[in-house]
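Numbering (my numbering), first residue to last: 63 to 304.
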């Protein structure tokens, strides 16, 4: 599944007009490589910086970020992976591990890579892509609640605010990845019908809200590139063809 995301992202990067040299990624265990912002930074010799390529992931091997930056890519692409295992969008809405998307954006990115005029950025708006893949844990920890619609409203208000935070730091190219069909994984298939259906419904609602956010953001900032990878439908289609 995760190498397929790398291929999907690489397809975006391969477009002639893109010219991406830097990639900032945010999310959860599907994305995290265990990158430490205080350690060695991405470079020509090591496009992910730290840890050693293939280490620090939930699969004990390359995930989609590694495939994108170091396998499928034929030109220099420096990947700054700020994702954290188990993360949700905002712990004040759906609680999980300490380093939620808020922390990733406002602290890890904001304090290290969002710089003022006295400290020029190490990247520029034209050659940097900001990829966000999150939502799996938000759904897992809230789909049994009675107020899921309200939860989603608050989550996407926060999601949009964080995108604006990145925008205010100079981000102009965004890529969202929606939640895959995790309701069909063994974790949920072994649950009863009510839980499977409730989880699937929330996945669909989450992805619909994500598509709506994309449209809202583009309407507010029409000069910004704000893409959405429909990974859910891609995986569903591929598995149906097997």
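Glycine residues also receive a C-beta, built at the ideal position from the N, C-alpha and C atoms.
- For the pair of segments examined, the stretch 206-215 was found not to touch the stretch 89-106: the number of CB pairs separated by less than 8 Å stays below three.
- Taking C-alpha positions only, residue 169 is separated from residue 210 by approximately 28 Å.
- The bridge partners DSSP lists for residue 185 come to none.
- Of the other Cβ atoms in all chains shown, 16 or more fall within 10 Å of the Cβ of residue 143; this residue is therefore buried.
- For secondary structure counted as the beta strand (DSSP E) over 3 or more consecutive residues, the stretch 114-173 holds these complete runs in sequence order: 140-143.
- Exclusion of the five residues before and after residue 271 leaves 214, 218 as the residues of its chain whose Cβ lies within less than 7 Å of its Cβ.
- Approximately 7 Å separates the beta-carbon atoms of residue 124 and residue 133; this is inside 8 Å, confirming the contact.
- Comparing C-alpha distances from residue 126 to each of 201, 239, 207 shows the shortest one belongs to 239.
- The Cβ atoms of residue 110 and residue 95 sit closer than 8 Å to each other.
- In the three-state scheme derived from DSSP, where H, G and I count as helix and E and B as strand, residue 277 is classed as helix.
- Counting along the chain, the unbroken alpha helix (DSSP H) around residue 202 starts and ends at 198-202.
- Within the same chain, Cβ atoms closer than 7 Å to the Cβ of residue 162 are found at 149, 150, 151, 152, 153, the five residues on either side in sequence being excluded.
- Taking C-beta atoms under 8 Å as the contact rule, residue 241 and residue 268 qualify, at a distance of about 6 Å.
- Going by DSSP, residue 190 is part of no alpha helix (DSSP H) but of the beta strand (DSSP E) stretching over 190-195.
- Nearest C-alpha to residue 197 among 146, 253, 82: 146.
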